[in-house]
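Worksheet: the structure to be examined is printed underneath.
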Amino acid sequence: MTFLKRKNPILRTRLPTLPPAARSRVALGLTAAAALGRFELQQCRECGMVQYPPREACQSCLSVNLIWKVQKPDGELLAQTVLHHSNDLFFRERLPWRLGLVKLDCGPTVVAHLHAAVEQRVRVRAMLDRAGQAVIAALPSKESSAMADDRQLREFTCDPKQRKVLVTDGKTGLGQALVKALAKAGADIVWVGHTEPWKKFPGFDELKNLPQVTLLPLDLTDSKNVREAAAEIAGKVDILVNNAEYHRSFGIGNRQGVETARAEMDVNYFGLLRLAQEFGPAMRSRGADGKASAVAWVNLLSIYAHANFPPHGTFSASKAAAHSLAQCLRAEMRPAGVRVVNVFPGPIDDEWNQLLPPPKLAPDTLARGILGALRDGVEDVYPGDVAQEWLARWRDNPKALERELSA
Amino acid sequence: MNALAAFAEDFVRGKIRVVDLTQTLSPEFPGISLPPEMGQAWPFRIEEVSRYDERGPAWYWNNFSCGEHTGTHFDAPVHWISGKDLPNNATDSIPPERFIGPAFVIDCSKEAAKDSDFLLTKERILEFEGRHGRISPKSWVLMRTDWSKRTDPVEYQNYDEEGQHTPGPDVDAVKFLVAERDILGFGTESIGTDAGQAYHLRPPYPCHYYMHGAGRYGLQCLTNLDQLPPTGAVVIAAPLKIRNGSGSPLRVLALIHG
Amino acid sequence: MVLAAPVTVPYVRYSIRAAHWWLARAFSELLKASNLKKEEIDGLTVSSFTLAPDTAIGLTQHLGLSPRWLDHIPLGGASGVVALRRAARAVQAGDAQVVACIAGDTNHVDSFRLTLANFSQFARDAVYPYGAGGPNASFAFLTAYYMQKHGATREDFGKLCVAQRANALRFDGALFKKPLTLEEYLAARPIAEPLHLFDCVMPCAGAEAFLVMSEERAGRLKLPYVRLLGTIERHNAFASDPVQMRAGWALERDELYQQAGAGPQDMDFVETYDDYPVISLMQLEDLGFCAKGEGPAFVRNHSFTWDGSFPLNTSGGQLSVGQAGAAGGFLGLVEAIRQLSGQAAGRAVRNAKLGLVSGFGMINYDRGLGSGAAILQKSE
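Residue numbers (this note's numbering), protein chains in the order written: chain A, 1 to 407; chain B, 408 to 665; chain C, 666 to 1045.
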């Protein structure tokens, strides 16, 4: 991809518009799967027929027993078109736009956004569009490194390539891994937030040597500091990665007083609130600002946000609070087309999870998972085996998981 | 004319000046950091309630939060285990006359500049008395190190892998000041009346241990000690009247001759 | 059963009136043309997109009617044929004596966009998010597939459009007044490849209507009329075809010709539903005028003006008259009544005795669902 030119400062910034966002409830099943990066269609439990568009009853046997299942994504491109006209503002601003009609191997015929490099055989993906709703994209059967640069595909993804990124805590193992991974992924600038400069963490000083890196004093418990940091850079941040967290390993009864829990809330929950208030407005106004637009807000939550892990009980509660607030943030960012990406890792391999048995997530692995989610345009990320297993257990029977965690 | 009236007259006429020994309370000011396993003191934080806006059209005000030991602050005897059972040992029970006292300012700025772990010894105190006279009872002894001129928080905190390096008194100096000079309390410009590495003295943190153990007080994060004469200043240091408080941020003022 | 009183309320590009205004005009034109009083029309079918939130029954109070037989027919381009079928059965069964079949829509500057936004659940969930904002993409796919499969060229489609424009120039009600050459057709700007400007209809405001009654009643009223010989309808045919290359007429066409006692070769003119030229070809194939896939050859071997070898859409079709919403589904039927009752001066097909009208409509997701056809006969 060619180097992006600097923005002409006398031109008015294009305001965000969204593709049509209305969906019936049953169609939101496609969105729910796409949020996790899965391609699912309804399949009839009685006769096995795969259905599309989403519906309430099987088009073959009329059974209402339809369940969403992962389907094979391969298909045949039957026909294609290029739109040169649209009544819809979002597409009107992005013409010409390629669409295809694909006969999926699993049965249905689908209308799909069409990647420029497709041939006869395609592979489809359910992706979230700028309105946060699932759409089907038809991509080349064989993945290639240049695939992600497709102009249309980039509208659905949050690729950090040539974008400016803020990492709110660059000192932790994960923070350092994120900064390095973002620089490697082609980010233009990486602002690295850090607090308590008198506390030295090994490896942090080397980050200064990366040409993309600018250090930024950032203390999420200090409203004034957050406001001033935002005043300085919010107008340029394309991707905000909020990985700052305060983690202690206490429940209720094994720590007197509320101070430790309050410190967890002040960073994990109120820190998110402060950041969102100060950085949100500028990012929202730049949701459609050219090829390097404001595009994503990543929250490092925890799988404990869904189900409290009593040994880290107050930490879990702070992550649950942050998750709820992140959903609020997602609603507020949605009109601007900025995607809120929530990451729910299991235990990270750091000092606060020292007593937990493996498998634990190495910071590098988690950083890669986050970058992958940005590139694929996924919005709910469950990296690692523990997160995947807890998610499956929670969705299957949340009460059973509650009991299992308190064993 | 009685002494108070004379004082008031001299004060109004500018013959007596006020020196502010207090650092400004702001979120940037470094606070004490304990090891991560322990409970932590709050740094100073301030949240706007309204600023002539829809939250309050004609007024501006804030809510703030901090620990009892944030910024320029007062340590009461109840703060340390050695003083926990003494009478009148909290900020609300200390007799108010103890909040005013003469001050003796010992200049250790040259030594502190060369050695961050400089310890004030009994010998050094005796040498000070040799030049400026005996330290009187119920007075403050303030250790001037010019540490307040370190405006970069990293230099002010002065951490390395072994912890913090700031100057303070040694064990014998403290015992001497308590037992043989009956002082009101000890004051420093850094965080902590004890030296940064005082954990390794025996007993650890001797200034806290012996001062508070004798029902005396501490002042920390002072500034402008370089504007005070070695003797003759009168310090006013009145903590907030917090019920059973272990200390509080406060305004420390010194009165000196014009 | 017979049809009489072909009514067209002249189309305009934009109208500030509500659909009720257009339908009221159509109804009162029916009264004028038939010399009937309001109360003597005892059956009513209504077809309209922009009448919402009202349906046929709301219109009865709006216009002060009290029919004893009522139907709302929201089938878009298939509305005309289906309304005719319903009305004819009602008269046949004695449920009504004179049925007015009316269709009309208004067109505000944002009507088209708003109508499309709520057109169908499948369209909303699976088509509009992709940006076409209407059926253009679905029919672009269909056209592209047809061209690739059966070797149709843009010139083939253009020939139909050019002929229909020539027909429209002889119809006062048409919105398009300038001739169209093949060069202009080919050079026009792309809309959704391979569809270009003249492959797409122009949405407008207007209304169409006709009356259905017994032949005996028409005779007593001394109205020019045409006979209904046969009709068919079918919905969601060939659902498992991955792309729509055929629709319902292919299933029932033999039945249609049997009802009429005539074959495709006996038709003197055909009015197809022409939202896009490729659909006209599909109808010609499915209605037996040529074999499936031979549409292109058929186009190349015939001429389609009112005076050509195969008169098609003799008033210009929607492509040259305009699409007044649901009235587009009546346009062919009303023109056929005119052609067969001597009311199509200037473009009358010579010796026209039999005409076939085809209807097609309701693009729910990726294909048109409704289809129907009728064969009409001139009364001697």
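Beta carbons: idealized from backbone N, C-alpha and C, even for Gly.
Do residue j and residue i come within 8 Å of each other at the CB atom, strictly closer than that value?
{"i": "C:Val677", "j": "C:Ala839", "result": "no"}
{"i": "C:Arg1003", "j": "C:Pro671", "result": "yes"}
{"i": "C:Leu1005", "j": "C:Val1022", "result": "no"}
{"i": "A:Val192", "j": "A:Val213", "result": "yes"}
{"i": "B:Ile643", "j": "B:Val426", "result": "no"}
{"i": "A:Ile303", "j": "A:Val378", "result": "no"}
{"i": "A:Leu374", "j": "A:Asp159", "result": "yes"}
{"i": "B:Val561", "j": "A:Pro197", "result": "yes"}
{"i": "A:Ala282", "j": "A:Gly235", "result": "yes"}
{"i": "C:Gly1033", "j": "C:Gly1026", "result": "yes"}
Look up residue i in the DSSP assignment and say whether it is helix, strand or coil.
{"i": "A:Leu18", "result": "coil"}
{"i": "A:Ala407", "result": "coil"}
{"i": "C:Gln924", "result": "helix"}
{"i": "A:Met1", "result": "With a pLDDT of 46 at A:Met1, under the threshold of 50, the modelled position of this residue cannot be trusted; read the value that follows with caution. Here A:Met1 sits in coil by DSSP."}
{"i": "C:Gln813", "result": "helix"}
{"i": "A:Thr214", "result": "strand"}
{"i": "C:Val667", "result": "strand"}
{"i": "B:Glu416", "result": "helix"}
{"i": "C:Phe836", "result": "coil"}
{"i": "A:Trp198", "result": "coil"}
{"i": "A:Trp434", "result": "Here chain A covers residues 1 to 407 and nothing more, so residue 434 of chain A does not appear."}
{"i": "C:Ala683", "result": "coil"}
{"i": "B:Tyr566", "result": "strand"}
{"i": "C:Tyr793", "result": "helix"}
{"i": "C:Ile722", "result": "helix"}
{"i": "C:His861", "result": "strand"}
{"i": "A:Lys164", "result": "strand"}
Relative to the alpha-carbon of residue i, which residue among the options has its alpha-carbon at the smallest distance?
{"i": "C:Gly1037", "options": "C:Leu709, C:Ser693 and C:Val746", "result": "C:Val746"}
{"i": "A:Pro359", "options": "A:Val378, A:Leu374, A:Ala336 and A:Pro383", "result": "A:Pro383"}
{"i": "A:Asp364", "options": "A:Cys328, A:Gln256, A:Val167 and A:Gln176", "result": "A:Gln176"}
{"i": "C:Leu728", "options": "C:Ile856, C:Val792 and C:Arg690", "result": "C:Arg690"}
{"i": "A:Leu215", "options": "A:Arg255, A:Leu240 and A:Lys171", "result": "A:Lys171"}
{"i": "A:Arg94", "options": "A:Leu101, A:His84 and A:Lys103", "result": "A:His84"}
{"i": "A:Leu218", "options": "A:Asn242, A:Val386, A:Lys208 and A:Gln256", "result": "A:Asn242"}
{"i": "C:Arg733", "options": "C:Gly708, C:Ser693 and C:Val943", "result": "C:Gly708"}
{"i": "B:Ser440", "options": "B:His664, B:Gly639 and B:Ile598", "result": "B:Ile598"}
{"i": "A:Pro53", "options": "A:Phe309, A:Gly290, A:Leu28 and A:Leu207", "result": "A:Leu28"}
{"i": "A:Pro347", "options": "A:Ser324, A:Leu371, A:Phe315 and A:His194", "result": "A:Phe315"}
{"i": "B:Ala640", "options": "B:Ser516, B:Pro576, B:Asp514 and B:Trp547", "result": "B:Trp547"}
{"i": "C:Asn801", "options": "C:Cys865, C:Leu876 and C:Ala904", "result": "C:Cys865"}
{"i": "A:Glu40", "options": "A:Ala320, A:Lys69 and A:Pro211", "result": "A:Lys69"}
On the DSSP letters alone, give me the boundaries of the alpha helix (DSSP H) that residue i sits inside.
{"i": "A:Arg262", "result": "Glu259 to Asn268"}
{"i": "B:Asn469", "result": "Run containing B:Asn469: none in the alpha helix (DSSP H); it sits in the beta strand (DSSP E), Gly463 to Ser472."}
{"i": "A:Glu332", "result": "Gly313 to Met333"}
{"i": "C:Met947", "result": "Pro942 to Asp951"}
Return the first residue and the last residue of the beta strand (DSSP E) that residue i is part of.
{"i": "C:Ser1036", "result": "Gly1033 to Lys1043"}
{"i": "C:Val935", "result": "Phe934 to Glu936"}
{"i": "C:Arg892", "result": "Tyr890 to His900"}
{"i": "A:Cys44", "result": "Glu40 to Cys44"}
{"i": "B:Ser655", "result": "Gly654 to Pro656"}
{"i": "A:Leu11", "result": "Run containing A:Leu11: none; DSSP gives neither H nor E here."}
{"i": "A:Asn342", "result": "Arg339 to Val343"}
{"i": "A:Ala296", "result": "Ala296 to Leu300"}
Give me the DSSP bridge partner(s) of residue i.
{"i": "C:Cys766", "result": "C:Thr710 and C:Phe875"}
{"i": "A:Gly100", "result": "A:Gln80 and A:Ala112"}
{"i": "B:Phe593", "result": "B:Val548 and B:Gly625"}
{"i": "B:Val641", "result": "B:Pro509 and B:Leu662"}
{"i": "A:Met127", "result": "A:Val135"}
{"i": "A:Trp191", "result": "A:Leu166 and A:Thr214"}
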